[in-house]
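Below is one structure, written out as structure tokens, with a few remarks after it.
4 protein chains.
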Amino acid sequence: MDKELRIGVVGTGAIGRTHLERINTQLQGGRVVAVSDVNKEFGKSVAEKYGCKFFEDGEELINSDEVDAIIVTTIDAYHEQYVSASIKAGKYVFCEKPLAAEKEGTKRIVDLEMAGGKKLVTVGFMRRYDPGYKQLKKLVEERTYGEPLMLHCAHRNYGVDESYDNSMPVENSMIHEIDVLRWLLDEDYATAEVVYPKKTKYAHEKLQDPQIMILTTKSGVRIDVEAFINSHYGYDIKCEVCCEEGIVNLPEPANAMVRTKAARITPICEDWSQRFVEAYNVELQEWINAVKAGRVDGPSSWDGYVGAITASAASKARDSQTIVKIEMEECPDFYK
Amino acid sequence: MDKELRIGVVGTGAIGRTHLERINTQLQGGRVVAVSDVNKEFGKSVAEKYGCKFFEDGEELINSDEVDAIIVTTIDAYHEQYVSASIKAGKYVFCEKPLAAEKEGTKRIVDLEMAGGKKLVTVGFMRRYDPGYKQLKKLVEERTYGEPLMLHCAHRNYGVDESYDNSMPVENSMIHEIDVLRWLLDEDYATAEVVYPKKTKYAHEKLQDPQIMILTTKSGVRIDVEAFINSHYGYDIKCEVCCEEGIVNLPEPANAMVRTKAARITPICEDWSQRFVEAYNVELQEWINAVKAGRVDGPSSWDGYVGAITASAASKARDSQTIVKIEMEECPDFYK
Amino acid sequence: MDKELRIGVVGTGAIGRTHLERINTQLQGGRVVAVSDVNKEFGKSVAEKYGCKFFEDGEELINSDEVDAIIVTTIDAYHEQYVSASIKAGKYVFCEKPLAAEKEGTKRIVDLEMAGGKKLVTVGFMRRYDPGYKQLKKLVEERTYGEPLMLHCAHRNYGVDESYDNSMPVENSMIHEIDVLRWLLDEDYATAEVVYPKKTKYAHEKLQDPQIMILTTKSGVRIDVEAFINSHYGYDIKCEVCCEEGIVNLPEPANAMVRTKAARITPICEDWSQRFVEAYNVELQEWINAVKAGRVDGPSSWDGYVGAITASAASKARDSQTIVKIEMEECPDFYK
Amino acid sequence: MDKELRIGVVGTGAIGRTHLERINTQLQGGRVVAVSDVNKEFGKSVAEKYGCKFFEDGEELINSDEVDAIIVTTIDAYHEQYVSASIKAGKYVFCEKPLAAEKEGTKRIVDLEMAGGKKLVTVGFMRRYDPGYKQLKKLVEERTYGEPLMLHCAHRNYGVDESYDNSMPVENSMIHEIDVLRWLLDEDYATAEVVYPKKTKYAHEKLQDPQIMILTTKSGVRIDVEAFINSHYGYDIKCEVCCEEGIVNLPEPANAMVRTKAARITPICEDWSQRFVEAYNVELQEWINAVKAGRVDGPSSWDGYVGAITASAASKARDSQTIVKIEMEECPDFYK
């Protein structure tokens, strides 16, 4: 446990470099010692800057004796390939969400991991590590205010360009709610629905924005999540848990309130990295600690699979404008 | 205009007496001079207490030369009868909501009033007079934050007994949202839906509580209203208007915040009379002022009719668990 | 009690006309039937506009058979004269603060009123009627959070011009705190002090702004009141009552919170008439009701006298930059 | 820079062990490898638990080749001795506040450190690392709302026992404000005053509680700090900076707001370790980083000296109930 964990990062894009910086300058017990990237010139420059070894080939990095554990931060299309390679190498791997580009891929990873007989995969659903959600989780778990009955949530961004398509409010943004609310309530979803309110003029032609996703859980809790990607005011996350004896709200970030210009004004975050900076730190620190202790306890392959199945059902619901039943296998004991 | 308006109250139950007290001790320009009630002994005692004349028969009161204008606060079943009698007598009449017990009755009143050629009826949708909703109305009307796209609302009571049945969240509680949100957005509804989240243990056997009503407007604004009648914490009304450039919230009532017992604590109202006391005052004062000026400008028979049609569609949606299209006649010029 | 109270207003400046409008269009039971003003042309135009009789001479108005009660809203210099005339005429009189321009004048009024043997005078300290201060008063009176130990208050205006001189933060602005805090705590002051923080660039040359007034009560409660007259952001009143078991805050006015431009924004009032509009309504309605019932129960001549004595001590403290002991006669039984 | 900093802790009381835990399980780049304590049995058990070497003698630890840098967390009386020994050994030393038990001691340390020619000492004024104060600092530094003119602060604890004497509100509690406000405003104090409001029944016989300390800065900013040590409701820190164009408030900690029992309720911290947990983490991490880079940049010996001089003046002001001028030497270039 005392030896520093030697980490290899596959994919040196923005999020990959952020994780690298975080691990090498703020967190304890691990060090990024190797990187790889399909863009070799760029990958090499990152390696040089941070004093890491550069591997031309991601799988070579994964299999290297110099690397104890892997972080996969490539574009989505390559997640399955490198996660699978890590499992085959018997190494712990942290993969940014989604676990795979298609739900079938998440299932293949689950099967591969189970065949290997050891849990090795962690998916980067960082909201579970946010101090605010943790407060909610504790209150829900202890049933401080009785049974949860309904959740009202919102996921708002300032705005997006045309590269953000109509599938992404579900697949890319609300996928975070899909994971964190299931974790919060500790149960799976039964149905999904996605409806279209009036469209904002700030959304590009091919994007229906806002969208509202409605999920029900197996026990009957009803969840509505507003995705408002061109909210035109900031990055804002809301989660209101309505219980039998009280309504609990996700805390607002702690910002200085100012009385000025005939108003009381409290800043709202402008982007997600600012909003969840602490969650990212805690997530990776806990991963390093767990891996060094020879286990993983964060969001698993199974969570990645359930997220993919649910998002896929929600997407189908959106495209068909119907309510879609969510069907998946029983959770194997391996993941319980 | 200088003469005091002589008002007759038909129905001396709780709300009738509250209006009487309000008019005779707080408001200006009117005086309740006559009352009637089916419970004659009780009606007489009220008349005596407040120095009014007692009429054994409501229609006699309505037609009396001593009465200039009528307030109808009987049980719902008699609303249509006394409102119609007032119209026939050519007198201004203020009727507590609903305008009639059945939607057909509201249509008959509309027809009778139009036949008479003069607008005489006001329906007691008092939320339009609440200072908070007025702030929202101004911001929406002026499009300060652009087009409204979605509304998230909640209507919560502390709790109810078995006399409150499963139709009442729509017909009795959210009827207020049906009226005030249509006024706020200045457009009519297109569809209604009512869904059931998980039921609270505090609801009696025959009441599904909470319920969520979803309305869409003709232009596509999507509204969700949570009715949580056994919220077990207080009387609480929320209205969040999501516009293209800002999210506007109905203000919380101004209560003293106290730091005590390791918490910041701000009281929430315990019942509706406390929450909307100012709205009731403004509503009746404006009615008295308008009537003395020979006009009415509050919620009309037509508003009562539209409310009834919408609530009826929502009830059908609830019972069938489908989305119901709301169909009604065009608004006649008479009411524009 | 049923007859409308016929009111005469001496002084038809801004506040006088506001009171007139209020009484004749919003409040119940009284009517302004007569006005007088030293500027006769202007006074006549006001009389004409509101259908009142114009009196060339204030004392003639006061003594007229057509007038039951008087409101004095002249400039401060004439308050004593018209209040005294009203007392001599045996009529109820409502005088805007201050009761007299000099503390000696307030004492003469007290003596004159006592000599007449009947309480006739009410001083316009309207904050006692503000719903927020009333909440505080109730919590203090009932000792809900134990004994009050300290108060932290602020009185902020957007800005003033050169007509507002260095004596006015105490004499004109914090005079409201002098009255309302004494009423809130139900005890008199022992000492006064006024200190100068760093001066804002927005204050004109001869005005030291902000100023902080420190009062102690006879039982030892310590009060600090910040007067920040060129706060450059709005009209804002704070009052924090620190008790043995909890800290109570004067509620903020109920305004709609908006999420926009990367901030949560709640409006603050821009001037005092907006902030205390309800307090003015309640104050005058209660005065009319009381006078019709043959009594007065608002701020008395004695309260006007104590306010003047305290403000005078605070002014002396400010000019000498020392702590000044506040000395006054015992409150006569007449005023208890 | 890559080598782990080997840290020795002198004094294994509560705060010493907390720092040890923090460094060895949460922070990066340092490790506590040695401890010492006058209570040898207890010190040894701590050493054993955390796998550190135990030194019977603090100075032996300080001079050991196995230790790169020192943390002093003994009782106040020994601070000077171990900080001085560290300076003599030429090693970086982090000392919990106060730097020395008496102001003379802080001056001796300043002189010793200057004689050595290298800045080695950091004092544990952790509030400078609190994210909230950092927000305030940025807004003040950039004069976002103009010049600061006044500060209203509060420092409230739930309660204390008889071991907390009448000097401690200044010397032990508000010493934090003395440091952090001077850092916030970037200037020194001119005068100190301490006044006594009415005493709470929850304070023991020999403790005057609450106390209010008033500081003025050389440029004329006026600061009031309420110390309310038996507030009987929680641990609560307030700081309101009144500037020429806006009033800035220290953010409240981010806690979940709950609507329950007819109130909106947000928890307040119960003690300081909970409130400033993040500040402690950042403080020690920044210290480790700086020391490894061969410098120190946190609160210096000079800051410890100024804090001691100011607290001493405030204590004198409290005991004499007068305003005391604060006199100290010019800040040497060495510390600029």
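Here the protein sequences come in this chain order: A, B, C and D.
At position 170 of the first sequence (counting the first as 1) the number is 750 in this note's numbering, and the numbers step up by one without a gap.
At position 96 of the second sequence (counting the first as 1) the number is 676 in this note's numbering, and the numbers step up by one without a gap.
At position 46 of the third sequence (counting the first as 1) the number is 626 in this note's numbering, and the numbers step up by one without a gap.
At position 206 of the fourth sequence (counting the first as 1) the number is 786 in this note's numbering, and the numbers step up by one without a gap.
Ideal Cβ positions, reconstructed from N, Cα and C, are used throughout, including at glycine.
This structure is a prediction, so every number in the text was calculated from the model and none was measured.
Cβ-Cβ separation, C632/D to M730/D (assumed contact under 8 Å), whole Å: As a position in the fourth sequence, residue 730/D is number 150, starting the count at 1. As a position in the fourth sequence, residue 632/D is number 52, starting the count at 1. That belief does not hold up - the Cβ atoms of M730/D and C632/D are roughly 48 Å apart, past 8 Å.
State buried or exposed for K786/C, treating a residue as buried only when at least 16 other CB atoms are found within 10 Å of its CB. As a working mapping, residue 786/C is identified with position 206 in the third sequence. Counting Cβ neighbours within 10 Å, K786/C comes out exposed, since fewer than 16 surround it.
To the nearest angstrom, how far is the alpha carbon of D656/C from that of A681/C? On the third sequence, position 76 is the one that residue 656/C refers to. On the third sequence, position 101 is the one that residue 681/C refers to. Cα-Cα distance, rounded: 5 Å.
Taking a Cβ distance cut-off of 7 Å, strictly less, list which residues of the stretch 839 to 857 of chain B are near chain D, in chain order. R839, T840, K841, A842, A843, R844, I845, T846, P847, I848 and E850
At which residues does the beta strand (DSSP E) containing V590/A begin and terminate? Residue mapping note: residue 590/A aligns to position 10 of the first sequence, counting from 1. First-last of the beta strand (DSSP E) with V590/A: L585 to V590.
I think E767/A touches S799/A, with their Cβ atoms under 8 Å apart; what is that distance to the nearest whole Å? For the purposes of this step, residue 767/A is taken as residue 187 along the first sequence, with counting starting at 1. For the purposes of this step, residue 799/A is taken as residue 219 along the first sequence, with counting starting at 1. Correct: roughly 6 Å between the Cβ atoms.
Please give me, in chain order, every unbroken run of the alpha helix (DSSP H) with length at least 4 that falls completely inside the stretch 586 to 652 of chain D. 594 to 605, 620 to 630 and 638 to 643
Roughly how many whole angstroms lie between the Cα atoms of E907/C and K714/C? What you label residue 907/C is simply residue 327 of the third sequence in a count that begins at 1. What you label residue 714/C is simply residue 134 of the third sequence in a count that begins at 1. Taking the straight line joining both Cα atoms gives about 28 Å.
Less than 8 Å between the CB atoms is what I'm expecting for A859/D and D617/D, so what's the real figure, rounded? Here residue 859/D corresponds to residue number 279 of the fourth sequence, with the count starting at 1. Here residue 617/D corresponds to residue number 37 of the fourth sequence, with the count starting at 1. About 25 Å separates the two Cβ atoms, so there is no contact after all.
Does N643/A come within less than 7 Å of chain D when only Cβ atoms are used? Within the first sequence, the letter at position 63 stands for residue 643/A. No, no contact with chain D.
Secondary structure at A680/C, three-state DSSP: helix, strand or coil? The count along the third sequence starts at 1 and reaches residue 680/C at position 100. Residue state, collapsed to three classes: coil.
Residues near R844/B by beta carbon distance below 7 Å, same chain, minus five either side: As a working mapping, residue 844/B is identified with position 264 in the second sequence. Within the same chain, R844/B has close Cβ partners M837.
Could you name the residues of chain D that G610/B contacts, counting a contact when the two beta carbons are closer than 9 Å? In the second sequence, counting from the first residue as 1, residue 610/B sits at position 30. Under the 9 Å cutoff, chain D gives no residues; its nearest Cβ is about 34 Å from G610/B.
Who are the near neighbours of C849/A in its chain, counting only those whose CB is closer than 8 Å to its CB and skipping five residues on each side? As a first step, residue 849/A must be located in the first sequence, where it is residue number 269. So the list reads G814, Y815, D816, P833 and R855, once near-sequence residues are dropped.
Which residues in chain C have a C-beta closer than 7 Å to the C-beta of Y709/A? List them in chain order. In the first sequence, residue 709/A corresponds to position 129, counting from 1. Neighbours of Y709/A on chain C: none; closest Cβ ~24 Å, over 7 Å.
Using 8 Å for Cβ pairs, my map puts E676/B next to T702/B. What's the rounded Cβ distance? Within the second sequence, numbered from 1, the residue matching residue 676/B stands at position 96. Within the second sequence, numbered from 1, the residue matching residue 702/B stands at position 122. Between T702/B and E676/B the Cβ distance is about 10 Å, and since that is not below 8 Å, they are no contact.
Cβ of G588/C within 7 Å of Cβ of K872/C? If you number the third sequence from 1, residue 588/C lands on position 8. If you number the third sequence from 1, residue 872/C lands on position 292. Their beta carbons are not under 7 Å apart, which means G588/C does not touch K872/C by this criterion.
Between I792/D and A772/D, what straight-line distance do the alpha-carbon atoms span, to the nearest angstrom? For the purposes of this step, residue 792/D is identified with residue 212 of the fourth sequence, where counting begins at 1. For the purposes of this step, residue 772/D is identified with residue 192 of the fourth sequence, where counting begins at 1. Their Cα atoms are separated by approximately 11 Å.
Excluding five sequence neighbours on each side, which residues of the same chain lie with their C-beta closer than 8 Å to the C-beta of Y885/B? Residue 885/B sits at position 305 when you count from the first residue of the second sequence. Taken in chain order, the residues that qualify are L679, K683, T686, K687, I689, V690 and M908.
Count the other CB atoms, across all protein chains shown, that sit within 10 Å of the CB of P912/D; report buried if there are 16 or more and exposed otherwise. As a working mapping, residue 912/D is identified with position 332 in the fourth sequence. So P912/D ends up on the exposed side.
With burial defined as no fewer than 16 other Cβ atoms inside 10 Å of the residue's Cβ, what is the status of T605/A: buried or exposed? Along the first sequence, read from residue 1 onward, the residue named residue 605/A stands at position 25. Per the 10 Å Cβ criterion, exposed.
Give a yes or no on whether 7 Å exceeds the smallest Cβ distance from M730/C to chain D. Position 150 of the third sequence, counted from the start, is the residue given in the question as residue 730/C. Yes, its Cβ sits closer than 7 Å to a Cβ of chain D.
Please classify S853/C: is it buried, with 16 or more other beta-carbons within 10 angstroms of its beta-carbon, or exposed? The count along the third sequence starts at 1 and reaches residue 853/C at position 273. Per the 10 Å Cβ criterion, exposed.
Closer than 7 Å at the beta carbon, the chain C residues around Y813/A: Counting from 1 along the first sequence, the entry for residue 813/A is found at position 233. R839, T840, K841 and A842, listed in chain order.
Should E621/D be flagged as near chain C, meaning a C-beta pair shorter than 7 Å? Taking the first residue of the fourth sequence as 1, we reach residue 621/D at position 41. False, the Cβ-Cβ gap to chain C never drops below 7 Å.
Among residues of its own chain, excluding the 5 on either side of T598/A, which ones have a beta-carbon nearer than 8 Å to its beta-carbon? Numbered from 1 along the first sequence, position 18 holds the residue referred to as residue 598/A. Around T598/A: S853 and Y860.
Within 10 Å of its beta-carbon, does D759/B have 16 or more other beta-carbons around it, so buried, or fewer, so exposed? Locating residue 759/B in the second sequence gives position 179, where the first residue counts as 1. Buried is the call here.
Are the C-beta atoms of V828/A and some chain D residue less than 7 Å apart? As a first step, residue 828/A must be located in the first sequence, where it is residue number 248. Judged by the 7 Å Cβ criterion, V828/A is in contact with chain D.
Kindly indicate which residue of I651/B, E660/B, E825/B and T846/B has the alpha-carbon position closest to the one of Y782/A. Position 202 of the first sequence, counting from 1, holds the residue named residue 782/A. Here the closest residue by C-alpha is E825/B.
Measuring only the C-alpha atoms, how far is W763/B from R708/B? As a position in the second sequence, residue 763/B is number 183, starting the count at 1. As a position in the second sequence, residue 708/B is number 128, starting the count at 1. Approximately 8 Å, taken between the alpha carbons.
In DSSP terms, what A657/B is bridged to: Position 77 of the second sequence, counted from the start, is the residue given in the question as residue 657/B. A657/B pairs with nothing; no bridge assigned.
Within 9 Å of chain A by C-beta, residues of the stretch 786 to 817 of chain C in sequence order: So the close ones are S811, H812, Y813, G814, Y815 and D816.
Is there a Cβ from chain B that is less than 7 Å from the Cβ of A681/C? Position 101 of the third sequence holds residue 681/C. No, because no Cβ of chain B sits closer than 7 Å to the Cβ of A681/C.
May I ask you to report which of helix, strand or coil DSSP gives Q835/B? Taking the second sequence and counting its residues from 1, one reaches residue 835/B at position 255. Position check: residue 835/B holds Asn in this sequence, whereas Gln was assumed. It is coil, neither helix nor strand.
From Y658/A, A649/A, R839/A and E660/A, residue whose alpha carbon lies closest to that of G670/A: Locating residue 670/A in the first sequence gives position 90, counting from the first residue. Selected option, being the one with the closest Cα: A649/A.
Does the beta carbon of T780/B come closer than 7 Å to any beta carbon on chain A? Mapped onto the second sequence, residue 780/B falls at position 200. Answer yes: the Cβ-Cβ gap between T780/B and chain A drops below 7 Å somewhere.
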